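Just so you know, our numbering puts 110 at position 110 of the sequence shown, and the rest follows in order with no gaps. Ideal Cβ positions, reconstructed from N, Cα and C, are used throughout, including at glycine. As the structure is a computational prediction, the values presented were derived from the model and not from experiment. Accompanying notes for the structure given below.
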Amino acid sequence: MRLDSKIQPVLTLIIVFLLVQLSPAGAAIAQITAFTYQGRLTDNNAPANGKYDLQFRLFTVAENGTALATVIKEDVTVTNGVFTVQLDFGASHFAGGAAIYLEIGVRPFDNTDGFTTLSPRQPITPTPYAIRAQLAATAESATTATNATQLGGVAASEFVKTDDARLTDARAPTAGSGNYIQNSTTQQNSANFNISGNGTAGGTLSGNIVNATTQYNLGGSRVLSTTGTGNLFVGANAGAANTGSSNTFVGSLAGQSNSTGSSNAFFGYLAGSSNSTGSSNAFFGLGAGMANSAGRFNAFFGTGAG
């Protein structure tokens with residue numbers, strides 16, 4: 001018994017089948033993994049007739065090896081030596097592009113003995129359209145795509161993965177939402193924000209209430225502070241070293257050396273600038289009370305007074 005495999009007619013049938021599947025007119029036809037195999041079987045050098053059982057096995061080598069998959073077709077009708085079967089090994093064995101060989105075994109349909117293996121094994125070669133499908137430039141739909149330059153017309157560089165931390169916030173980022181701050185020339189509805197670190201505003205920063213925790217600076221120098229208990233310091237570095245209480249220093253460097261002194265009022269540039277521990281003093285004027293460091297209950301009025 002001998003099998004003559006007609007490879008070229010089989011490839012022709014498959015090509016025609018794929019042309020129908022891939023053409024616009026056949027776009028609605030479902031894609032399947034089955035393919036048509038046609039061969040010629042001879043029995044004692046004459047065309048076989050009748051029914052036979054056929055075994056089809058896939059291998060990655062032309063000889064020996066372990067079968068990847070097996071399909072058995074029973075009671076196949078052979079007429080004038082010609083038979084046609086539909087084979088379906090699935091798609092996984094052909095996904096990697098490695099060489100695949102088809103081995104065929106045959107026995108009479110009423111024989112339960114093992115199959116007679118026909119040789120050689122036949123290489124399964126791709127059709128032109130199957131090669132194109134493996135390296136498709138575009139696809140209307142794909143179950144799996146390892147790489148794609150676009151998705152819905154959006155470039156791959158603009159994709160955001162689902163494990164991106166920016167996608168874990170459940171709040172809807174709708175326009176005008178109070179859940180985030182938006183850059184707009186129109187005032188946004190009420191929205192709260194809390195930012196740590198340092199920031200810089202290049203233009204004019206406006207607000208109804210500014211609540212500073214420690215002090216206000218201008219040009220890098222402190223100009224307004226209420227540190228301590230009952231204190232008010234206005235002017236560059238006024239009360240810079242103060243640890244006392246109930247002091248009011250107004251003027252650049254006014255009371256700059258005051259440490260534990262309390263209940264003092266210094267007004268004017270450098271007023272009380274040398275005072276450190278003195279308390280209950282009132283110095284008004286440029287440099288007033290500059291000589292006082294620890295004195296108490298003094299009142300100096302005028303430039304350089306005291």
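Relative to the alpha-carbon of residue i, which residue among the options has its alpha-carbon at the smallest distance?
i, options, result
"residue 121", "100, 231, 49", "100"
"residue 291", "79, 273, 264", "273"
"residue 278", "263, 284, 86", "263"
"residue 254", "228, 221, 288", "288"
"residue 267", "256, 257, 250", "250"
"residue 43", "106, 215, 294", "106"
"residue 92", "228, 144, 299, 248", "144"
"residue 227", "215, 220, 237, 221", "215"
"residue 153", "84, 224, 138", "138"
"residue 41", "66, 238, 84, 68", "84"
"residue 104", "98, 111, 59, 204", "59"
Residues bridged to residue i by DSSP?
i, result
"residue 150", "155"
"residue 47", "42"
"residue 35", "87"
"residue 215", "225"
According to DSSP, simplified to helix, strand and coil, what is residue i?
i, result
"residue 221", "strand"
"residue 94", "helix"
"residue 205", "coil"
"residue 163", "coil"
"residue 230", "coil"
"residue 270", "coil"
"residue 24", "Bear in mind that the predicted position of residue 24 carries a pLDDT of just 38, short of 50, making it unreliable; the figure below should be weighed with that in mind. If DSSP states are grouped into helix, strand and coil, residue 24 belongs with the helices."
"residue 299", "strand"
"residue 29", "Residue placement at residue 29 is poorly supported in this model, since its pLDDT is 45, which falls under 50; the coordinates are not used for a value here."
"residue 13", "A caution first: residue 13 carries a pLDDT of 31, below 50, which makes its placement in the model too unreliable to give a value."
Report yes if the CB atom of residue i is closer than 8 Å to the CB atom of residue j, and no otherwise.
i, j, result
"residue 102", "residue 56", "yes"
"residue 285", "residue 261", "no"
"residue 235", "residue 245", "no"
"residue 53", "residue 88", "no"
"residue 280", "residue 259", "no"
"residue 49", "residue 80", "yes"
"residue 265", "residue 248", "yes"
"residue 297", "residue 283", "no"
Sorry if obvious, but does the Cβ on residue i come closer than 7 Å to a heavy atom of the ligand ZN?
i, result
"residue 141", "The ligand ZN is not part of this structure, which contains no ligands at all."
Report task. Give, in chain order, every unbroken run of the beta strand (DSSP E) that is at least 3 residues long and sits entirely within the segment 234 to 292. Result -> If you keep only unbroken beta strand (DSSP E) runs of at least 3 residues inside the segment 234 to 292, you get 248 to 250, 265 to 267, 282 to 284.
Requested in this report: Go through the segment 56 to 125 residue by residue and report every complete run of the beta strand (DSSP E) that reaches 3 residues or more, in order.
Outcome: The segment 56 to 125 contains these whole beta strand (DSSP E) runs: 69 to 78, 82 to 87, 101 to 108, 116 to 123.
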